[in-house]
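Read through the structure below, which is laid out as structure tokens, and then see the notes.
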Amino acid sequence: MPKSILIDPADVRKAGILKLRDIPLNQYKPDFSREVKKYGIEGLRRILMDMLIIREFEYALNKIKTEGVYQGVKYNHKGPAHLSLGQEAAAVGQALTLDRNDLIFGSHRSHGEILAKSFSAIVKTSESDLIEIMKTYLDGAIFKVVEKDGSHSDIKDLAYDFILYGMLAEIFAKVTGFHRGLGGSMHAFFAPFGSMPNNAIVGGSADIALGAALYKLVNKKDGIVISNIGDGASACGPTWEALAFASMDQYKTLWGKGFGAPPVIFNYFNNFYGMGGQTVGETMGFNTLARIGAGVNSDQLHAERVDGYNPLAVADAVERKRKILQEGRGPVLLDTITYRYSGHSPSDASSYRTKEELELWEKNDAVNEYARYLIKHDVLSQEELLAFKETARNKIAGNFAKAVDMAVSPREALHSEYIAGVMFSNQKIEKFENREPEVLLPLEENSRLKSLAKKERYAYDRSGKLYSKNKMFLLRDALFEAIIHRAYIDPTLVIYGEENRDWGGAFAVYRGLTEALPYHRLFNAPIAEGAIVGTAVGYALSGGRALVELMYNDFLGRAGDEVFNQMAKWQSMSAGVLRMPLVLRISVGNKYGAQHSQDWSAMLAHIPGLKVMFPATPYDAKGMMNLALSGTDPVVFLESQKIYDVGEMFHTEGVPEGYYEIEEGQPVIRTTGKDITIVTIGAALYAALDAAEVLREQYDLEAEIIDARFINPLNYDLIVDSLKKTGKIVLVSDAVERGSFLNTMAAQITQLAFDELDGPPVVVGSRNWITPAAELENMFFPQKEWIIDAIHERLLPLPGHRVSTNQSIEELKYRNKKGV
Amino acid sequence: MAKAVILPRQGNTVESCILLSWRKKKGDKIKKGDILCEVETDKAVFEIEAEEEGTLLELFFEEGDDIPVLTHIAAIGEEGEDYENLRPAQTDIPEQPQESPVNLPAPETGHKESEEKIPVTEKTSNNRRGVSPRARQLAKKHGISLSGIQGSGPMGRVIERDVLNVMQIRQPLTPAAREAVLVTDAPLPAEGSGLGGRITRQDVLSSSQAEPEKDIVREEPLKGVRKIISERMLASLQNSAQLTLHRSADASALLALRAGFKKSALNHPFASVNINDLVMFAVIKILPNHPVINSLLNDYTVKYYKNIHLGFAVDTKRGLIVPTVKNAQNFDLLSLSKEIKRLTEACRNNRIHKEDLSPATFTVTNLGSFGIESFTPVLNLPQNAILGLNAIHLKPVQTEAGVEFTPHIGLSLTINHQVIDGAAGTGFLQELAEAIKNINILVAI
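Shown next, in the form of structure tokens:
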């Protein structure tokens, strides 16, 4: 909502006609002499060699998958094999002109792209660099196996085997795979050569690749990024979100000179089928995929169709588009047509296409056609072609035999200690680059910081009276302090989401940040929750720190895949090769009914690979945000809208002005007591405090309140110690009771301290309904009466207590029976 | 309109009755005066009669349930009539007011029943009570048997505070005993043999030997009269200072008189007067001279009585029952004897009336017919004395003619030393012995 850009009714109401430009289709004109000049004869022959190796690679996997034997070596491959037989030319052509700095992200069908990109990088990398990369990658685990052979003519030949062996070992879940076998066929990649994560979620790479491009844009890094997705991904929402996010006007209108636009190519390897769905004539309506660029921006995303059956046409297109990106005129869309001979997977009987169609494409086969092209121009003989094929077969067979051999290529034992080391990176990184952070004014001149200096950082005055909210330092202020602190230290930190700039965030956490940070470090994202998280994933795994926001927890569904499958998983699927310094702030609402008032912490807790934090006090909000923003792991940072305006009621010395961190996973005691333990998550802390007062005054019971603060990881020691003292435990949060994380805690506590229990751990959550209107919310969210009644009914009958709500076992049974 | 069958209060001290058996079943046609069921108190079995005519619509309890008095136990009315309003609540706590801070939302209104319920008291018919793991651990650590503990948690669950309560009143364990408890897992004696009543390792070990788990053939929970006797006896010994004095009385006259009665014609009213009756008669005669023996102790106050309400123990199949001869001082020998027989019969046939079980001021218990020569009767609190009658045996007595063997009856008087000193007890026994020796004179007076 920049004030600088006027929306003039006179303009927007004017009659007229919007004209689209022509969209080029397969405009590449072969010119052998130009091609020789450009790539050299060796270069042109190498293209053939690379295609043949890829074809043999996929052929071998197809044999193994369907017949269990390849070149006399038997193997039972249990995992997937989504093969790209037929698509070799597109992959090799694309990689041909790319540098190591250029990144490609792919799909479940990306074996060929990984190999092609790596081969291309090998050719362009010096031998000493190659040795360095191979020797250091996973401490030389792959290199040691490949090098033993001693049969290599040169380092580049060795590097080819390094890639082929590492790739096969990864597919076969071996410890010598690119990612210790934790990624597998669909997720393999090799970052040192610019082959970045390949995604088994259709279209999953679009916004992640954009995030990597955003990283290059913001941090002024060389290179472009290509998102390789299939035509099947053209229908996916997050793919469209990525197109929208990539083509925002603000890069050009607001970010200032020298930025341009994210250097990204959305390349659709269009093999005309999304699984079995035919995108032309059946499941989509675009007829020509390149058309969709015209709907996105006035440059029509520079979209064109490229003949993916001619590697040189693809190489030409990539080179031309790179120029556009370097000029800051991106993003770009390519419709690279190709065809896969194999099914979607070996279980695919290809019942959706005819034999005739298959044969037509095989007659046009790109590898044969290209070989004929070279033979025609006398740079290859038939004998050499046979020799090339023999070389390819030998390379694959040799590496295949090593990769399946359990003695040479064992599997990792996935014990807790090992897996804990790859699920999270657990590092402390002050800043990801050493340069000065770009800011608009010195920290001490920030108007909000100046105003905060006058606030009371402890909520009570000397007489024990609460200060008014206007005078207090609030939870939202604490978050602001932590965030601006990191923004002035880490130059790579970018902050974005909906209404993050100008507005100051929907809940005023970012007020004062707009004046401090330039556009490229703090900007408003389109309302595209998937892309907000997805781009941040790409940004973080590229080496920068991202802080993004979902305005309401309820919108998590819109970013489901990006949070659950991408943000959470890439550290571990890469066996720790990638880091994910990404903090996702999610506000938990109330007052706004069923779609704006849900605490979905349980879903986040359920997904392995996320750290989940939920502070309830200003002291913790600052210390935990500091913790989150100094780490290297994906953190979902939950904030309850109920308590953005609470002051610090526990630390009598107030919220420190300086930097501090809360110990990760460590709950905290809010009030000590000996009779009953109440564990809270989030804003429920304050209901528990009220309940504790009633217990003390009316029933002479001392409650010990523990604020869990963390959902994952979580150290149960303090809770168990408290339970040893009290024997009774109630768990309270604003999440609906069924499936609440509290039930996980209750089960864990029962395991950890069964003999200490004087009654079952009692969970008090919100009702299993839709969140009702604000006026009815006290019947939905846990109230202090619920806590006391639940104690009375299920743990410790309180003498003389009269219940005002129904927390009985009978009622519990009834609610479950009715599903509410 | 359906009417409730109410469990009547069987005497002032009765709080609940065990439902022994239903004589009628659901759906039976009932006439006024039909016996509906039998219930048992600590003292006797009663029959509950129908006071209404109609169909037995519902039985609210099952056989074996322990039911508070004045509870609805059944409903009688026209067939098909609604009786749910008569169903007893599961608690005697008055219903809570309906007022609550908010109007309860719709899904709950169809489910009012559980809202009105305060589920603190356990369901009376449910004998299976839980024990929290914490209470179990604590009990084990301190060697406390869980079986006798009343749970105060939800659904009657035994929780930590219940065990702590027991620990406060129980004798402590020596450290060695505590270790032994952990090993043997045996129930402990209430009283220890160590210093200050401490339970010692030896106590634990002998306790564990006394009840080796593997030899248990079957387990029977105490209930009904047995349970009440169990509680009363334990309470008696725990709550009073009992001292038993033994002596014997010359029974020559007693035997001669009894023999004389027996020889009389069969239809003679005195023919059935027995030794027991005669001694009881003697007791009545001398008791007025010893008011403290005929007294009760309540809350450190001794209450003396003008009249004698003489209790006597009757052995029945279900346990000991003690009926009372009210105003016994007014009875002559014959009427006393008849009253004793009537009450004894009633006890043995389960037909004892609640008025005949009213509290006594003094009790006589007789083990003499079983050959017992001396024993320590247990006080029937709050009475301060109980007299045990033993077998008659020959005792050498020094006479002028040398040593003669004279029949003697053994007397064992247990007194509450809190109230009665040995001398006062001796005085009573001495006068009683004299009275027995001269029973023919006493009868003649």
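So the protein sequences, as listed, match chains H and B. Under the numbering used here, residues 1149 to 1968 are what the first sequence spells out, in order. Under the numbering used here, residues 9 to 453 are what the second sequence spells out, in order. For glycine and all other residues, C-beta sits at the position ideal for the given N, C-alpha and C. Everything numeric in this text was worked out from a predicted model, so none of it was measured.
Grab the span of the beta strand (DSSP E) containing Phe1785(H) for me, first residue to last. Residue mapping note: residue 1785(H) aligns to position 637 of the first sequence, counting from 1. Here the beta strand (DSSP E) through Phe1785(H) covers Val1783 to Ser1788.
Can you round the beta-carbon distance between Lys403(B) and Ala261(B) to whole angstroms, since I take them to be within the 8 angstroms contact cut? Start at 1 with the first residue of the second sequence, and residue 403(B) comes out as number 395. Start at 1 with the first residue of the second sequence, and residue 261(B) comes out as number 253. Not a contact, Cβ separation roughly 15 angstroms.
Do you know how far the Cα of Val451(B) is from the Cα of Ser345(B)? Residue 345(B) sits at position 337 when you count from the first residue of the second sequence. Residue 451(B) sits at position 443 when you count from the first residue of the second sequence. Rounded to whole angstroms, Ser345(B) to Val451(B) spans 13 angstroms at the Cα level.
Measuring only between beta-carbons, confirm whether Glu1904(H) sits less than 7 angstroms from chain B. Within the first sequence, numbered from 1, the residue matching residue 1904(H) stands at position 756. By this cut-off, Glu1904(H) is an interface position.
Can you list the residues of chain H that Thr161(B) reaches, using a CB-CB cut of under 8 angstroms? Working through the second sequence from its first residue, we reach residue 161(B) at position 153. The sequence given here places Gly at residue 161(B); Thr does not occur at that position. Per Cβ cutoff of 8 angstroms: Asp1906, Gly1907, Leu1943, Leu1944 and Pro1945.
Out of Thr1898(H), Val1221(H) and Ser1745(H), which has the shortest C-alpha to C-alpha gap to Asp1882(H)? Walking along the first sequence from the start, residue 1882(H) turns up at place 734. Measuring from the Cα of Asp1882(H), the nearest candidate turns out to be Ser1745(H).
Return the chain-ordered list of same chain residues with a C-beta closer than 7 angstroms to the C-beta of Ser382(B), the five sequence neighbours on each side being excluded. Numbered from its first residue, the second sequence carries residue 382(B) at position 374. His254, Asn398, Gly418 and Ser420.
Quick one, are the C-beta atoms of Ala1381(H) and Gly1351(H) less than 7 angstroms apart? Taking the first sequence and counting its residues from 1, one reaches residue 1381(H) at position 233. Taking the first sequence and counting its residues from 1, one reaches residue 1351(H) at position 203. Yes, Cβ-Cβ distance for Ala1381(H) and Gly1351(H) is below 7 angstroms.
Cutoff 7 angstroms: Gly1875(H) Cβ touching any chain B Cβ: If you number the first sequence from 1, residue 1875(H) lands on position 727. Taking Cβ atoms only, chain B reaches closer than 7 angstroms to Gly1875(H), which makes this a yes.
DSSP puts Tyr1767(H) in a beta bridge; with which residues? As a working note, residue 1767(H) is residue 619 in the first sequence. Beta-bridge pairing links Tyr1767(H) to no other residue.
Using 7 angstroms as the limit for Cβ to Cβ distance, is Arg142(B) near chain H? By one-based count along the second sequence, residue 142(B) stands at place 134. Interface residue, yes.
Cβ of Ile167(B) within 7 angstroms of any chain D Cβ: The structure shown contains no chain D; its protein chains are H and B.
Does DSSP put Val1731(H) in a helix, in a strand, or in coil? Locating residue 1731(H) in the first sequence gives position 583, where the first residue counts as 1. Three-state result, Val1731(H): strand.
In chain H, which residues lie less than 8 angstroms from Gln391(B) when you measure between Cβ atoms? Residue numbering aside, residue 391(B) sits at position 383 when the second sequence is read from its first letter. Under the 8 angstroms cutoff, chain H gives no residues; its nearest Cβ is about 35 angstroms from Gln391(B).
Taking Cβ-Cβ distances shorter than 9 angstroms, what residues in chain H pair up with Gln158(B)? Taking the second sequence and counting its residues from 1, one reaches residue 158(B) at position 150. Within 9 angstroms Cβ-Cβ: nothing; Gln158(B) doesn't reach chain H, min ~13 angstroms.
Tell me whether the beta-carbon of Ala83(B) lies closer than 7 angstroms to the beta-carbon of Ala12(B). As a first step, residue 83(B) must be located in the second sequence, where it is residue number 75. As a first step, residue 12(B) must be located in the second sequence, where it is residue number 4. Against a cut-off of 7 angstroms, the Cβ pair of Ala12(B) and Ala83(B) comes out as a contact.
For Gln145(B), go through chain H and note every residue whose CB falls closer than 7 angstroms to its CB, in chain order. On the second sequence, residue 145(B) is found 137 positions in, with the first residue counted as 1. By Cβ distance, chain H contributes Asp1903.
Buried versus exposed, by CB contacts within 10 Å (16 or more), Asp1305(H): Taking the first sequence and counting its residues from 1, the one referred to as residue 1305(H) is at position 157. When all chains shown are included, Asp1305(H) counts as exposed.
For Leu1286(H) and Pro1763(H), what's the separation of their Cα atoms in angstroms? Within the first sequence, numbered from 1, the residue matching residue 1286(H) stands at position 138. Within the first sequence, numbered from 1, the residue matching residue 1763(H) stands at position 615. For Leu1286(H) and Pro1763(H), the distance between alpha carbons rounds to 37 angstroms.
Segment limits, beta strand (DSSP E) that includes Leu203(B): Residue numbering aside, residue 203(B) sits at position 195 when the second sequence is read from its first letter. Per DSSP, Leu203(B) belongs to no beta strand (DSSP E) and is neither H nor E.
Leaving aside the five residues before and after Met1721(H) along the sequence, list all residues of the same chain whose C-beta is less than 7 angstroms from its C-beta, in chain order. For the purposes of this step, residue 1721(H) is taken as residue 573 along the first sequence, with counting starting at 1. His1327, Leu1330, Gly1331 and His1335.
As assigned by DSSP and simplified to three states, the class of Gly1795(H): Residue numbering aside, residue 1795(H) sits at position 647 when the first sequence is read from its first letter. Of the three classes helix, strand and coil, the one that applies to Gly1795(H) here is strand, per DSSP.
Could you pull the start and end residues of the alpha helix (DSSP H) that Thr384(B) belongs to? For the purposes of this step, residue 384(B) is identified with residue 376 of the second sequence, where counting begins at 1. Looking at the DSSP string, Thr384(B) is not in any alpha helix (DSSP H), and its letter there is neither H nor E.
Note down the Cα distance separating Ala1750(H) from Thr1828(H), rounded to an integer number of angstroms. Taking the first residue of the first sequence as position 1, residue 1750(H) is located at position 602. Taking the first residue of the first sequence as position 1, residue 1828(H) is located at position 680. Take the alpha-carbon of Ala1750(H) and the one of Thr1828(H): they are about 14 angstroms apart.
C-alpha distance - Trp30(B) paired with Cys45(B), whole-angstrom precision: By 1-based counting over the second sequence, the position of residue 30(B) is 22. By 1-based counting over the second sequence, the position of residue 45(B) is 37. Computed Cα separation, rounded: 4 angstroms.
If you follow the alpha helix (DSSP H) that His1940(H) is in, where does it begin and where does it stop? Position 792 of the first sequence holds residue 1940(H). Where His1940(H) is concerned, the enclosing alpha helix (DSSP H) stretches over Lys1932 to Arg1942.
Please state whether DSSP places Val451(B) in a helix, a strand or coil. To locate residue 451(B), count along the second sequence from 1; it is residue 443. Val451(B) falls in the helix class under three-state DSSP.
Report the three-state DSSP secondary structure of Glu1819(H) (helix, strand or coil). The residue given as residue 1819(H) occupies position 671 in the first sequence. Rather than Glu, the amino acid found at residue 1819(H) in this sequence is Thr. Here Thr1819(H) sits in strand by DSSP.
Spatial neighbours of Ser366(B) within its chain, please: CB distance less than 8 angstroms, with the 5 preceding and 5 following residues excluded, ordered by chain position. Position 358 of the second sequence holds residue 366(B). Answer for Ser366(B): Gly19, His317, Thr332 and Lys334, listed in chain order.
Since Pro1345(H) and Trp1718(H) should fall inside the 8 angstroms C-beta cutoff, what is the C-beta to C-beta distance between them, to a whole number of angstroms? By 1-based counting over the first sequence, the position of residue 1345(H) is 197. By 1-based counting over the first sequence, the position of residue 1718(H) is 570. About 6 angstroms; that satisfies the 8 angstroms criterion.
To which residues of the same chain is Gly202(B) closer than 7 angstroms at the C-beta, ignoring the five residues directly before and after it? What you label residue 202(B) is simply residue 194 of the second sequence in a count that begins at 1. Setting aside the 5 residues that flank it on each side, Gly202(B) is surrounded in the same chain by Thr182 and Thr208, each with a C-beta closer than 7 angstroms to its C-beta; the list follows chain order.
Just verifying my parser: in three-state terms, what is the DSSP assignment at Cys355(B)? Working through the second sequence from its first residue, we reach residue 355(B) at position 347. It is helical.
Going straight from the alpha carbon of Phe1889(H) to that of Met1761(H), what length do you get? As a position in the first sequence, residue 1889(H) is number 741, starting the count at 1. As a position in the first sequence, residue 1761(H) is number 613, starting the count at 1. So the two alpha carbons sit approximately 12 angstroms from each other.
For the stretch 1501-1514 of chain H against the stretch 1471-1479 of chain H, are there 3 or more C-beta pairs whose distance is under 8 angstroms? Touching, no.
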